[in-house]
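Those sequence lines, one after another, are chains A and B.
Heads up: the first sequence begins at 652 in the numbering used here, then just goes up one per residue.
Heads up: the second sequence begins at 24 in the numbering used here, then just goes up one per residue.
Backbone N, C-alpha and C fix where the C-beta goes; we use that ideal spot for every residue, glycine too.
Remember, it's a predicted structure, so these values are computed and weren't measured experimentally.
Following: one structure in structure tokens, then a few remarks.
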Amino acid sequence: MTARLLKALNSPRTLDQLAAELGVSPEAVALMLRQLEARGYVGPAYDQSPACGTACSACSLKRLCPAAGQATPSIRAWRLTKKGEAALKLGP
Amino acid sequence: MGCPRCDTAVALKKPPQERLLKVALLGNPNTGKTSLINALARSALKVGNWPGTTVERLEARFLHGGREIVLVDLPGAYSLFPTTPEEVITRDELLKDPPDVLLVVLDAGNLERSLPLALEATELGLPMVVALNLVDEAREKGYALEPRRLEAALGVPVVPTVASRGEGTMALLQALLRPRTPVPAVRYPPAVERAIQALEKKITHPAARFIATALLAGEELPGFKAAREKAAELQKALEAIGVDPFLEISGARYARARELFEEALLGHNPRPTLTEKLDRFVLHPVLGPVLFLLGMLLVFRFTFLLSAPWVDFIGEAQAVLAGWIAALPLPALLGSFLADALVAGVGTVLAFTPVLFFLYLAMGFLEASGFLARSAFIADRLMALAGLPGRAFIPMVLGFGCNVPAIYATRTLESFADRLRTGLAIPFMACSARLPVFTLFAAVFFPKNAATVVFALYLIGLLIGVLTAWLLGRVLGAQASSGAMELPPYRWPPLRVLWMQAKVRTMNFVEGAGGPILIAMVLIWALLHLPPGPIENSLYARVATTLSPLFAPLGFSDWRVVGALIPGFIAKEVVVGALGVSFLGAEPSAALGLLAGAGQLLSAFLTALKETLGALLGLFGAPQLFAASTAPSGLQAALGRVLSPAAAFGYLVFVLLYTPCVATLAAIRQEFGSRWAAISVAYQLTVAYLVALLAYSAFPR
Chain A
652 MTARLLKALN SPRTLDQLAA ELGVSPEAVA LMLRQLEARG YVGPAYDQSP
702 ACGTACSACS LKRLCPAAGQ ATPSIRAWRL TKKGEAALKL GP
Chain B
24 MGCPRCDTAV ALKKPPQERL LKVALLGNPN TGKTSLINAL ARSALKVGNW
74 PGTTVERLEA RFLHGGREIV LVDLPGAYSL FPTTPEEVIT RDELLKDPPD
124 VLLVVLDAGN LERSLPLALE ATELGLPMVV ALNLVDEARE KGYALEPRRL
174 EAALGVPVVP TVASRGEGTM ALLQALLRPR TPVPAVRYPP AVERAIQALE
224 KKITHPAARF IATALLAGEE LPGFKAAREK AAELQKALEA IGVDPFLEIS
274 GARYARAREL FEEALLGHNP RPTLTEKLDR FVLHPVLGPV LFLLGMLLVF
324 RFTFLLSAPW VDFIGEAQAV LAGWIAALPL PALLGSFLAD ALVAGVGTVL
374 AFTPVLFFLY LAMGFLEASG FLARSAFIAD RLMALAGLPG RAFIPMVLGF
424 GCNVPAIYAT RTLESFADRL RTGLAIPFMA CSARLPVFTL FAAVFFPKNA
474 ATVVFALYLI GLLIGVLTAW LLGRVLGAQA SSGAMELPPY RWPPLRVLWM
524 QAKVRTMNFV EGAGGPILIA MVLIWALLHL PPGPIENSLY ARVATTLSPL
574 FAPLGFSDWR VVGALIPGFI AKEVVVGALG VSFLGAEPSA ALGLLAGAGQ
624 LLSAFLTALK ETLGALLGLF GAPQLFAAST APSGLQAALG RVLSPAAAFG
674 YLVFVLLYTP CVATLAAIRQ EFGSRWAAIS VAYQLTVAYL VALLAYSAFP
724 R
């Protein structure tokens with residue numbers, strides 16, 4: 652289940668998108684993300700973009716981001732961290 | 024063969040049915056554990072803290088079926104692989120002091136999310152019972168569940184309950200006397216399972232399987248050195264074949280949780296719940312913030328209107344005690360020490376307790392009813408400007424009433440960094456104690472623009488507070504909070520538990536902050552009264568005179584004006600009084616007879632009761648924003664002679680921004696430690712000085 656979630660996060664996803672893809676409740680996905688974020692496998696998508704909140708037009712996530720164009724993004728979109736990417740590659 | 028009656032161990036051991044049965048409640052936050060304890064025990068609830076923490080510990084003892092049962096509410100947890108301090112406490116308590124029975128409380132309306140924790144619990148090797156709570160909410164959400172299927176899959180009794188209405192509690196009590204030790208319900212991939220079994224052999228503990236999975240997943244567990252070394256070896260071996268143990272272990276649990284949920288689910292017919300219907304208004308982009316502000320205003324008014332009569336009563340009790348002391352044949356200095364240092368010190372501590380108690384009641388209600396999570400949701404965007412979560416808005420707003428409970432209200436924030444940043448921003452919020460100073464000075468120096476000046480001071484405080492939170496976030500490198508926000512359903516909380524929680528939280532303040540406040544009061548008394556004689560010759564006057572040149576760049580250097588800032592460190596209410604004493608002289612307490620004093624106390628008590636009832640009725644009336652100033656006109660005239668309007672404005676800004684009171688400082692120390700308390704004082708003094716300098720220099724002349 653967790654590996655499937657990491658695979659789904661190959662490109663950034665919101666909580667509801669992940670729940671729909673995995674066929675589980677958004678609450679269960681939130682719980683998984685909470686544990687994976689605390690252990691450094693996943694992170695909020697916008698953290699990786701230094702221009703986030705200031706230059707939405709250049710942002711690759713703007714279609715996904717409900718806060719696009721606003722001064723401070725309150726988006727809950729997730730993506731893999733370096734550790735998450737490495738764990739995904741590690742798979743048998 | 025030994026004589027059984029001679030075996031002390033056997034002789035001393037009570038028969039099992041007579042021993043205390045310790046039952047620990049384990050469950051996600053907001054699953055109704057507190058309501059369940061309230062419903063099961065009905066009485067003898069005890070609220071305290073987990074050792075060495077400020078996390079609350081609810082406990083209840085009662086008799087059932089001839090057994091004494093003690094219920095212990097573990098801090099809410101989503102997993103025993105912790106991500107919060109509360110989850111660490113829960114895991115450690117279960118491993119260090121395992122209960123006789125583990126009562127796992129599941130949220131029937133959120134079953135899929137509750138099950139991973141129950142599955143982890145099956146690995147603890149403890150006798151277990153499951154309460155499938157909130158089945159009414161599950162029905163409302165359209166879920167049809169079959170508890171017997173869950174019972175068969177987990178191998179332990181599963182009892183459906185609605186704790187808030189006491190439904191299912193008798194069946195649950197019976198089940199607690201017949202718990203079953205489950206067989207671990209999760210099977211891991213073969214390579215991981217082999218590693219777990221190899222590790223289990225190194226661990227001598229009833230929860231060996233859970234400990235083995237935790238160590239293999241890389242969790243930090245105190246102790247188990249040999250097993251940890253073995254786990255590191257096994258981890259490396261698994262990684263070499265492309266297996267990340269944490270992902271495999273957690274993945275297997277979530278997958279099994281999904282299977283169990285599907286097994287227990289007979290059908291799902293989603294329909295809008297009352298919570299969803301209410302949320303259409305409460306979370307509405309326009310209506311939501313209006314309702315939120317009205318709600319905050321109500322909390323504010325509830326706290327301060329209901330506590331004011333009792334704060335006055337404590338003041339009256341202080342005056343009566345001082346009067347009784349004055350009537351005793353004591354040397355003047357000793358009488359003054361008892362009345363002005365000890366009685367005043369204890370009075371200052373106690374004066375905060377009604378405010379704290381009513382605020383905790385209101386906050387407890389907001390938190391348990393589900394409104395607090397929604398206020399946080401609404402304020403989220405605004406607070407994001409300071410890099411803080413929405414929940415931080417509530418303590419900040421409360422700071423306008425009183426900084427002390429506001430500091431304690433930061434406990435509702437999850438991360439230490441957020442708590443600290445909010446906690447250090449709160450002292451800049453202009454609390455109600457600063458208002459008498461503002462109104463006194465504004466009336467003398469800015470008679471035509473008094474309201475504007477006072478409003479500007481509130482804004483300056485708010486701005487400096489938000490800047491402080493933002494700056495501290497940059498310095499600490501704190502990440503903006505990003506976790507998904509949970510909105511629990513609306514619920515009516517058990518009022519008895521709220522009352523007890525408010526009482527314990529208030530007592531925590533008295534125990535934690537009472538000592539420092541008392542010491543500070545004695546120090547200030549010594550400054551004012553030693554050596555005996557007129558105030559001009561006191562240590563207070565000497566210290567104030569020494570400090571005066573430091574404040575000359577801010578426009579005020581009169582020792583009496585500077586001196587009032589010293590007791591202002593104890594509480595801002597005293598600034599006006601200190602100015603009065605040093606400009607106009609002190610009035611000694613009048614001697615009071617025993618009966619006259621008792622009569623005065625009784626009358627003050629009845630007045631407080633009457634005013635509390637009046638305040639309850641006036642809760643929804645129009646707010647009274649500005650209290651009338653009670654300053655004597657003689658003092659106003661004296662101040663007008665020694666200060667210019669620019670210097671008065673600089674003075675007000677300094678009063679606004681320097682350490683609000685010793686109680687706030689004690690609260691900061693209790694919540695964040697002595698180091699941060701010291702840093703906050705230095706920071707507040709520096710900011711107060713620099714901003715006051717700027718205000719004095721930029722003031723239009």
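Item	Value
9 Å Cβ cutoff met for L551 of chain B and L562 of chain B	yes
Collapsed DSSP secondary structure at L541 of chain B in the structure displayed	helix
Whole-angstrom distance between V675 of chain A and L129 of chain B, CA atom to CA atom	18 Å
Cutoff 6 Å; reference A465 of chain B; Cβ partners in own chain excluding five residues on either side	A473, V476 and V477
Buried versus exposed, by CB contacts within 10 Å (16 or more), K37 of chain B	For K37 of chain B, the predicted model reports a pLDDT of 45, less than 50, meaning its position is unreliable and no value from the coordinates is stated.
Reduced DSSP secondary structure (H/G/I, E/B, other) of M406 of chain B	helix
Chain-ordered residues of the region 88-109 of chain B with a beta carbon less than 9 Å from chain A	Y101, S102, F104, P105, T106 and T107
Under 9 Å between C-beta atoms of T57 of chain B and K164 of chain B	no
Residue ranges of each alpha helix (DSSP H) within the region 287-365 of chain B, 4 or longer	297-305, 310-350 and 355-359
Residue span of the alpha helix (DSSP H) that contains D441 of chain B, given as start and end	F439 to A448
CB contact flag (L239 of chain B, A254 of chain B, <9 Å)	yes
From B:L63, B:L353, B:I234 and B:W522, residue whose alpha carbon lies closest to that of A614 of chain B	B:L353
Interface flag, S273 of chain B vs chain A, CB-CB below 9 Å	yes
Own chain residues within Cβ distance below 8 Å of P539 of chain B, not counting five before or after	V685, L688, A689 and R692
Rounded separation between L717 of chain B and G673 of chain B - CA only	8 Å
Touching by the beta-carbon criterion (3+ pairs, under 8 Å), the region 451-466 of chain B and the region 400-413 of chain B	no
C-beta neighbour in chain B for A689 of chain A, strict 9 Å	yes
Counted within 10 angstroms of its Cβ, other Cβ atoms place G42 of chain B as buried (16 or more) or exposed	The displayed chain sequence assigns Arg, not Gly, to residue 42 of chain B. Counting Cβ neighbours within 10 Å, R42 of chain B comes out exposed, since fewer than 16 surround it.
Residue-level contact to chain A via CB, E262 of chain B, 9 Å cutoff	yes
Rounded straight-line distance, which links the Cα of V181 of chain B to that of V17 of chain B	Past the boundaries of the shown model lies residue 17 of chain B; chain B is included only from 24 to 724, so the question cannot be answered.
Residue burial classification, M193 of chain B (beta-carbon count within 10 angstroms, cutoff 16)	exposed
Reference A154 of chain B, options B:G191, B:V489 and B:E285, closest by Cα	B:G191
Where G147 of chain B sits in the DSSP three-state scheme	Per the sequence shown, residue 147 of chain B should be read as Leu rather than Gly. Looking at L147 of chain B - three-state DSSP - the assignment turns out to be coil, as it is neither helix nor strand.
Outcome for W333 of chain B when other beta-carbon atoms lying within 10 angstroms are tallied against a minimum of 16	buried
C-beta contact flag for S703 of chain B and T682 of chain B at 9 Å	yes
contact_flag[the region 729-738 of chain A, the region 652-665 of chain A] where n(CB pairs < 8 Å) is 3 or more	yes
Contacts around F325 of chain B, its chain only, beta-carbon distance under 7 Å, and the 5 residues preceding and following it disregarded	F381, A385 and L642
Inter-residue Cα distance where the pair is M544 of chain B and A705 of chain B	20 Å
Helix, strand or coil at Y692 of chain A [DSSP, three-state]	coil
Length of the line joining the Cα atoms of A715 of chain B and L675 of chain B	8 Å
Top-ranked residue by Cα proximity to L222 of chain B, from B:P205, B:L257, B:V266 and B:P229	B:L257
G246 of chain B, buried or exposed, once every other Cβ within 10 Å from all chains shown has been counted against 16	exposed
V93 of chain B vs V46 of chain B beta-carbon contact at 9 Å	yes
Limits of the beta strand (DSSP E) - the one that A47 of chain B falls within	L44 to G50
Option in B:S612, B:V598, B:G88 and B:K595 with minimal Cα separation from A355 of chain B	B:S612
Start and end residues, alpha helix (DSSP H) containing F469 of chain B	No alpha helix (DSSP H) holds F469 of chain B; DSSP gives it neither H nor E.
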